[in-house]
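Chain order of the listed sequences is F and B. All letters in the first sequence, in the order written, are residues 16 to 225 by the numbering used here. All letters in the second sequence, in the order written, are residues 16 to 225 by the numbering used here. No residue lacks a Cβ here, since even glycine has one placed at the ideal position from N, Cα and C. Here the structure is a predicted model, which is why all the values come from computation and not from measurement. Take a look at the structure below.
Number of protein chains: 2
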Amino acid sequence: MRRNISESTVRRLSFYLRILEKVEAVGIDTLSSEKLAQRTGTTAAQVRKDLSLFGSFGKRGLGYAIPQLASELREILGLDRTWRVALVGGGRIGSALFEYSGFRKRGFEIVAVLDADSSKVGQRWGKVVLSDIADLEKVLTAESVDIVILTIPAESVPDVLDRVVAVGVRGILNYAPVQLRVPGDVTVKDVNMVLELEALSFALSQTKGE
Amino acid sequence: MRRNISESTVRRLSFYLRILEKVEAVGIDTLSSEKLAQRTGTTAAQVRKDLSLFGSFGKRGLGYAIPQLASELREILGLDRTWRVALVGGGRIGSALFEYSGFRKRGFEIVAVLDADSSKVGQRWGKVVLSDIADLEKVLTAESVDIVILTIPAESVPDVLDRVVAVGVRGILNYAPVQLRVPGDVTVKDVNMVLELEALSFALSQTKGE
DNA sequence: AGGTGTGAACACTTTCACAGCA
DNA sequence: TGCTGTGAAAGTGTTCACACCT
C-alpha cells in the first residue's frame, strides 16, 4: 500500500497477527486496540496508528473483528502465500534452523540446502538432498528460491552474496557477522547473536554504576 | 556514562569496535570518522555523534587513534571483562549456540547448560555438565551467572523466566517466540528468526507490486 | 589543509486528545 | 457509551554545517 512503513511497525504487525491467531483459537471474535496493545506490549494509540497505515479495519465502539483483521495482516505481511527458502550453509546453525518447525508453520519452506563441504553434499535431510554450493545458481533457479538464509563463515560471504544476488534473489536473512552491501532492490535482515549479547553487556554495565 | 543511549547507537558502537580490531591487525594506527563510517555502513557525522556521547576520543585533523578508541569502546560496551552465561535449553538451537565460538571470543563464557529432559542431564558438553532445570536457582547462583540465554519452548518461558529473574539475573537473551514481561532493571534482547523472515516477506511483497 | 565536536535543522516515530461513528 | 481513526504535539534520532584545533 503506502510508502515508508517503519521496521518497528512491521515487527508490531507480526506481533498483532500472532496474538490474533492465539486469541482466535480460544473463540473470541472481537478485540479492542487496548487489549491488543496489552498483549503485545505497546499502546492502544500505537496499534491504531499502525493499522491505519493500511486501512480502516475496526468498528467504532466495538474493536476489530479477529478473523478479518488476521486475514488483512497476513495479506499485508505477505504471509498469504508460501515462500521458497534456500539454506546456504549446512553447519550447526544451518541444521538447527532446518529442524526448526516455526518456519514452515508461517509458510517458509526450506526447499534447498547448500554446503561447500563435499562430504555433506548428497546427504538427505528430510525431503531435501544437500547440494554443492558450486551449483548455487543452478539450484536457486531450479527451485525458484525467493529467500536465502546465509549461515556460512564470514569470509565466504562476499563471493556467495554476489552470486545469490546475481541470480535474482531479493530477500536475504544473514547469520554471518558481516555487514552486507547489496543493491537497493535487495532486502537483508541480519541476525547477530554476538551483537545482541554486546547490547546486553552494555546495558548491564551502565546500570551497574548507578 | 550519560543519559539514554539509543539501541542503534549501541549497535553501531559494536560495529565500530569490530572494524577497529580488524584494521588494527593490519597495522594501521589512525582512522577518520569518514573511513570508519564507510566500513560500517553509516555516515561520518553519525560516527562522530555516537562517539561524542561518551567523550572526545579523536584528534582534529588526524582522526581517531585505533588502539585507544578500541579500548574506550570495549570499556563503554562492558567488553573489558568476562560475562558468565548460562544456556537454558539444550535442544538444537541451544547446542548450536554452545558450539559457536564467536561468544567466547568476545568474553561471553557459557558456564552452565540446563535442560528439562532428564536423559540429557549429566551429559558432558566440553567442560560443562548439563544440569536439571529443576536446579536452576542453585546452578545460576553457584556459577555466578550474569546472563541467561533462553532456548526453551514458548510454553515453558513464563515459569523459567520468573525463576531466572528472582535469582537476580539482569540480562536475558531470548530465543523463544514470546513477548517477555520483566522488571525494569532487567534487560531482555529478543532473537526471533521467524520475525525477521516475516519482515523480509513484507519487504518482498511491497516492492513486488510496483 | 584536514578532520573533530557540536548546536541547530530536519526527519521520523510515538503519544495525545478528540471528533465522529456504531 | 465505547472505541476507532487521525490531525497535532511531543519526543527521538539523524544530518548539516561550521567553528575550532593540530
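query = Between F/G105 and F/V128, what straight-line distance do the alpha-carbon atoms span, to the nearest angstrom?
reply = 7 Å
inquiry  = Cβ closer than 7 Å: which chain B residues qualify as neighbours of F/V25?
reply    = Going along chain B in sequence order, the residues near F/V25 (Cβ under 7 Å) are A214, F217.
request  = Find the residues of chain F that neighbour B/K37, judging by a C-beta separation of less than 8 Å, and give them in chain order.
outcome  = What B/K37 touches in chain F: nothing, since even the nearest Cβ is about 10 Å away.
inquiry  = Just checking: is the beta-carbon of F/L165 within a distance shorter than 8 Å of some beta-carbon in chain B?
reply    = no
query = Short check: CB of F/A169 to CB of F/A191, under 8 Å?
reply = yes
ask   = In angstroms, rounded to a whole number, what distance separates the CA positions of B/I91 and F/T97?
value = 44 Å
request  = Could you say which of F/V163, F/V143, F/V144, F/K142 lies nearest to F/E152 if we only look at CA atoms?
outcome  = F/V163
Start-to-end residues for the beta strand (DSSP E) that takes in B/L102 = 98-103
message = So if I threshold CB-CB distances at 9 Å, which residues from the region 64-84 of chain B count as touching chain F?
response = none
request  = Identify the contact partners of F/P192 in chain B, using a Cβ-Cβ distance below 8 Å as the criterion.
outcome  = R33, G117
query = Under 8 Å between the Cβ atoms of F/V100 and F/V126?
reply = yes
Start and end residues, alpha helix (DSSP H) containing F/D130 = Not the alpha helix (DSSP H): F/D130 falls in the beta strand (DSSP E), residues 123-130.
inquiry  = For F/V172, which residues in the same chain have their Cβ closer than 6 Å to its Cβ, ignoring the five residues on either side in sequence?
reply    = A191, V193
request  = Note down the Cα distance separating F/T55 from B/M208, rounded to an integer number of angstroms.
outcome  = 18 Å
task = For F/M16, count neighbouring C-beta atoms within 10 Å of its own C-beta (all shown protein chains included) and say buried if the count is 16 or more, exposed if not.
result = Note that F/M16 scores 43 on pLDDT, short of 50, meaning its location in the model is unreliable and no value can be drawn from it.
inquiry  = Distance check for B/F72 and F/E211, CA to CA, integer angstroms please.
reply    = 25 Å
ask   = Would you say F/W98 reaches chain B, if we count a Cβ-Cβ gap shorter than 8 Å as a contact?
value = yes
Own chain residues within Cβ distance below 6 Å of B/D65, not counting five before or after = T24, R27
Per-residue contacts from F/G183 into chain B (C-beta, under 8 Å) = By Cβ distance, chain B contributes nothing, its closest Cβ being about 12 Å from F/G183, past 8 Å.
key: Secondary structure of F/E225, DSSP reduced to three states   = Residue confidence for F/E225 is low, a pLDDT of 45 falling below 50, so the modelled location carries little weight and cannot support an answer.
request  = Using only the heavy atoms of the ligand FAD, determine whether one of them is closer than 7 Å to the beta carbon of B/V206.
outcome  = What this structure holds is no ligand at all, so the ligand FAD is not there to describe.
query = Listed from N- to C-terminal order along the chain, which residues in the region 148-174 of chain F have their beta-carbon within a distance smaller than 8 Å of any beta-carbon of chain B?
reply = D161, I162
key: Proximal residues to F/F118 (C-beta, below 8 Å), its chain only, five neighbours per side dropped   = Here the set comprises V100, L112, E124, I125.
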